[in-house]
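Residue numbers (this note's numbering): 2 to 358.
Ideal placement from N, C-alpha and C gives every residue a C-beta, glycine not left out.
On a predicted model such as this, the values are computed, not experimentally measured, just so you know.
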Amino acid sequence: METIIPQKMSRRITSLRFALIAFVVFIHANLNADDALKYYRLDFAQPEWIAWFKGFVCGTLGGAAVPLFFLFSSYLQFSKNDAYPVLLKKRNRTLLLPYIAWTVITIALYAAAQSIPQTALFFQNEINIVKNWDALDYIKAFTYHNFDTTLKTPLVYQFWFLRDLMILIVLSPVLRFLCKSFPSAMIVAVSAVYICGIHVWISGSALFFYVAGYFFAERRLSFFDVADKIRLCEYVALIALFEIVRVFAKINVGVAETIISCLFFLKLSGFIVRQEKCYALSERLAGFSFFVYAIHTPFLGTAINKLSWKIFPLQGVFCMLQFLTAAFLTLALSLAAGIVIKNLCPPLFSLLNGGRK
């Protein structure tokens with residue numbers, strides 16, 4: 002029997018949905034020095050302060066985005082406690098169908114662009130040349146296309162989150178049994194996997210935050226209550242400390258920094274819901290968050306990024322202008338596309354948005 006999520010909890014989750022997706026867009030708009038110089042062979046000279054700013058936005062703050070979505074998805078799933086067949090049927094619509102649809106669209110767009118001489122020049126990576134694919138390559142496009150990357154991403158590379166989430170949902174009865182039977186051992190195990198950065202078929206971070214969502218739901222605890230116990234000034238001090246350690250001491254504090262950043266956003270949601278106009282805007286935008294997440298890359302965002310590299314000289318302050326322009330333009334065009342498709346063809350938007358309103 003489905004359990005009703007408390008309205009306060011639901012509103013606070015809703016308040017963060019679009020903002021967290023925006024950080025994902027910023028992450029994918031970030032051109033780092035290694036890629037610029039070694040892979041794209043661009044004339045790139047980025048000041049250290051800009052590199053730090055990008056790292057703060059995309060790593061320190063942006064690093065909380067995907068973990069929080071795993072936490073929210075797991076918490077909502079285990080709180081509602083649907084029967085397993087009902088759960089799989091729901092996720093077919095919200096995850097699997099849009100996953101397949103967006104991947105097929107991306108393959109078609111890649112194939113079309115690669116057949117036009119003027120645009121084919123932008124596709125230099127051999128594994129993305131659709132005409133050279135065999136049957137296995139098409140399967141890999143939906144599963145583990147970029148196998149050499151840390152996250153072993155599918156063709157629509159941000160969909161590694163959906164892929165890992167679907168795997169975890171399929172395995173959820175087993176994970177529930179293990180968490181109920183061996184709670185302490187599971188907490189230690191998933192924490193060790195996350196801290197050690199282990200990635201096999203799913204991300205260690207995905208497993209950690211998914212299991213965390215289960216424990217919060219099972220014990221009917223609110224992670225927002227945990228976040229609210231820490232004062233805002235304490236978050237600022239902790240994040241500043243982590244930045245100093247990371248930048249000057251060159252010590253990797255990724256896991257601790259991600260958890261603090263997650264708690265910071267959970268705390269921030271309380272301020273959003275208390276401002277009615279701010280919450281009303283975030284609620285309207287939340288309905289487009291999945292669509293923006295799905296459409297923003299690899300095709301749209303990649304095109305905007307590469308065009309911006311040609312427009313802006315990648316020297317000095319122009320590196321910052323290129324970064325901000327590419328991110329905000331990708332966000333704006335993604336959102337505009339969602340609004341247009343929703344108004345012109347609601348059934349298509351519903352399919353591509355996983356039935357979300």
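- The alpha-carbon separation between A20 and F292 amounts to approximately 13 Å.
- For T303, the enclosing alpha helix (DSSP H) begins and ends at 302-312.
- Between I260 and I203, the beta carbon gap of about 19 Å keeps them out of contact (Cβ cut-off 8 Å).
- If you draw a straight line from the Cα of A112 to the Cα of F143, it comes to about 16 Å.
- For the pair of segments examined, the stretch 303-322 was found to touch the stretch 34-46: the number of CB pairs separated by less than 8 Å reaches three.
- In terms of Cα proximity to F27, the closest of V171, I305, P347, L264 is I305.
- With contacts defined as CB atoms closer than 8 Å, W103 and V157 qualify as a contacting pair.
- For the options S16, M10, I6, the alpha carbon positioned closest to that of S283 is the one of S16.
- Around the beta carbon of T151, fewer than 16 other beta carbons lie within 10 angstroms, which makes this residue exposed.
- Taking 8 Å as the cut-off, the Cβ atoms of C180 and F216 count as close.
- E127: not part of any alpha helix (DSSP H); DSSP gives it neither H nor E.
- Its Cα nearest to that of R92, the residue S75 stands out among I199, S75, E127.
- Nearest C-alpha to G288 among R357, Q115, F225, F178: R357.
- V191 places its beta carbon less than 8 Å from that of L208.
- In terms of Cβ geometry, V131 and Q115 form a close pair [threshold 8 Å].
- DSSP, read as helix, strand or coil, puts Q78 in helix.
- It is roughly 51 Å from the alpha-carbon of F249 to the alpha-carbon of A84.
- Counting the other CB atoms within 10 Å of its CB gives I252 a total below 16, which places it among the exposed residues.
- Straight across, the Cα-Cα distance linking P347 with P7 is about 29 Å.
- Under the three-state reduction of DSSP, Q316 is assigned to strand.
- Contact check for A327 and A30: beta-carbon distance about 4 Å, within the 8 Å limit, so the pair qualifies.
- Between F162 and V58, the C-beta spacing is not below 8 Å.
- Non-local beta-carbon contacts of L98 in its own chain, meaning distances under 8 Å to residues more than five positions away in sequence, involve L352, G355 in chain order.
- Bounds of any alpha helix (DSSP H) do not take in R220, whose DSSP letter is neither H nor E.
- For T150, the three-state secondary structure derived from DSSP is coil.
- Between the beta-carbon of F73 and that of I5 there is about 16 Å, and that puts the pair past the 8 Å contact cut.
- Relative to S270, the option among E219, L69, G60 whose CA is nearest is L69.
- Per the DSSP secondary-structure output, H200 pairs in a beta bridge with S204.
- Under the three-state reduction of DSSP, A66 is assigned to helix.
- Where C180 is concerned, the enclosing alpha helix (DSSP H) starts and stops at 173-182.
- For V227, same chain residues with a beta-carbon under 8 Å away, outside a window of 5 residues either side, are L264, L267 in chain order.
- In the displayed model, A46 falls within a strand according to three-state DSSP.
- Judged by DSSP secondary structure, I117 falls outside any alpha helix (DSSP H); it is assigned neither H nor E.
- Proximity to G63 across I240, I296, A295 peaks at I240, based on C-alpha coordinates.
- A straight line joining the alpha-carbon of S182 with that of L137 spans about 39 Å.
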